[in-house]
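Participant: Residue 514 is where the sequence shown ends in the numbering used here, and the numbering goes up by one at each step.
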Amino acid sequence: MAESKTEADTGQTLTTGQWIKQQNDLPRLDCELTLCHILEVNRASILARPERPLAARELVEINRWADALRNDIPFAYLAGEQEFWGLSLAVSPQVLVPRPETERLVESALALLQSGANILDLGTGSGAVALAIASERIDSKVTATDISAEALLVAKQNAEKLEIEVTFQESRWFENLTGRWQIIVSNPPYIDPADPHLEHLHAEPQHALIAHEKGLADLRQIIAEAPGYLDNKGWLLLEHGFDQAQQVRLLLKQSGFQAVSSHRDLANIERVSVGQYFHE
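Set out below in structure tokens:
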């Protein structure tokens, strides 16, 4: 692992601007945000005062964060929080860091929600999707599940902090659930165990990332079991990998879903696939 340069390396006190320039192997934004957190200032201050000198104790902590980033520790874990859908969410290594592309799942769900809808979020993690939907539709009833008790604790703490009402339940997909929902959403594990990108995701919970059958195992299970938990004309919405949309659409059709389609994220990638189920 590469190490950050220190005052001893340069023979002089570093300024914030000089420190950022030295970290040329890290994203500039991560460097600026690291300085914001350690120095307890906003980003505008960092940008406006690149000549601000760094004290020795500040430099030690800043370099510790930089070395962690080089070791693929997500910035959100260092900061202890991540913004999603305008909500500040606590995160820890027990949950995935919410990604911007997952906001497409929220958008797709909100477009289908009717007044007083009953919504289920499978594999909630930090609670990001469930809390985002509940924050927009306060008249809806949102239930969120996760197989991890540690993840549910994080999600519950986020709900309490944000004062958003969501019901949480420990369950592996539908295992411990009874009842039916108008909309079911999920961002399940969908990465192939052989995917080389996993090397850079080692700090995040692997059970929430990896799925067998080339990343399709959990998607396949949810699609197969969802009809038994959907209301008539209910919708299933799934986030999936960048190259899985066609396969997920096929699985939805094979399980009897209609109006099957995929929605693109801001990177123009088919990120969310949906289907509607009609009970005979």
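Note that CB positions come from ideal geometry on N, CA and C, so glycine has one too.
Give the single residue among I272, L303, A300, A351 whose Cα lies nearest to the Cα of A289.
Facilitator: Within the sequence shown, the letter at position 55 stands for residue 289. Checking every option, the nearest Cα to that of A289 belongs to I272.
Participant: By how many angstroms is the C-alpha of Q257 removed from the C-alpha of T247?
Facilitator: Here residue 247 refers to the residue found at position 13 when the sequence shown is read from its first residue. Here residue 257 refers to the residue found at position 23 when the sequence shown is read from its first residue. C-alpha separation (whole angstroms): 16 Å.
Participant: Using the Cα positions of A428 and F318, report the straight-line distance between them to the nearest angstrom.
Facilitator: Stepping through the sequence shown from its first residue, residue 428 is reached at position 194. Stepping through the sequence shown from its first residue, residue 318 is reached at position 84. In a straight line, the C-alpha of A428 is about 29 Å away from that of F318.
Participant: Helix, strand or coil: which one does DSSP assign to D426?
Facilitator: The residue you call residue 426 lines up with position 192 of the sequence shown. Here D426 sits in coil by DSSP.
Participant: Is it right to say S507 is buried, meaning 16 or more other beta carbons lie within 10 angstroms of its own, or is it exposed?
Facilitator: To locate residue 507, count along the sequence shown from 1; it is residue 273. Counting Cβ neighbours within 10 Å, S507 comes out buried, since at least 16 surround it.
Participant: Is the CB-CB distance between L330 and E438 below 8 Å?
Facilitator: As a position in the sequence shown, residue 330 is number 96, starting the count at 1. As a position in the sequence shown, residue 438 is number 204, starting the count at 1. For L330 and E438, yes; Cβs fall inside 8 Å.
Participant: Would the beta-carbon of D380 fall within 8 Å of that of S420?
Facilitator: Position 146 of the sequence shown holds residue 380. Position 186 of the sequence shown holds residue 420. Contact flag unset, no.
Participant: Does DSSP put G475 in a helix, in a strand, or in coil?
Facilitator: For the purposes of this step, residue 475 is taken as the residue at position 241 of the sequence shown. Reduced to three states, the DSSP call for G475 is coil.
Participant: Please confirm whether F402 and A383 have their CB atoms less than 8 Å apart.
Facilitator: Your numbering for residue 402 matches position 168 in the sequence shown. Your numbering for residue 383 matches position 149 in the sequence shown. Cβ atoms of F402 and A383: not closer than 8 Å.
Participant: Tell me which residue opens and which closes the beta strand (DSSP E) that I398 is part of.
Facilitator: Locating residue 398 in the sequence shown gives position 164, counting from the first residue. Here I398 belongs to no beta strand (DSSP E), and DSSP marks it neither H nor E.
Participant: Considering only residues of the stretch 284-354, which uninterrupted beta strand (DSSP E) runs meet the minimum length of 3 residues and lie entirely inside it, listed in chain order?
Facilitator: Runs of the beta strand (DSSP E) inside the stretch 284-354: 315-318, 321-324.
Participant: My understanding is that L411 touches S405, with C-beta atoms under 8 Å, so please give their C-beta distance in whole angstroms.
Facilitator: As a working mapping, residue 411 is identified with position 177 in the sequence shown. As a working mapping, residue 405 is identified with position 171 in the sequence shown. Their Cβ separation, rounded to whole angstroms, is 6 Å, which keeps L411 and S405 in contact under 8 Å.
Participant: When the Cβ atoms of the stretch 299-310 are set against those of the stretch 339-346, are three or more pairs found closer than 8 Å?
Facilitator: They do not touch, by the three-pair rule.
Participant: To the nearest angstrom, report how far apart S369 and D426 are at their CA atoms.
Facilitator: Along the sequence shown, one-based indexing puts residue 369 at 135. Along the sequence shown, one-based indexing puts residue 426 at 192. Each residue's alpha carbon lies about 33 Å from the other.
Participant: Where does the unbroken alpha helix (DSSP H) through A451 begin, and where does it stop?
Facilitator: Residue numbering aside, residue 451 sits at position 217 when the sequence shown is read from its first letter. 451-459 is the span of the alpha helix (DSSP H), which, as asked, contains A451.
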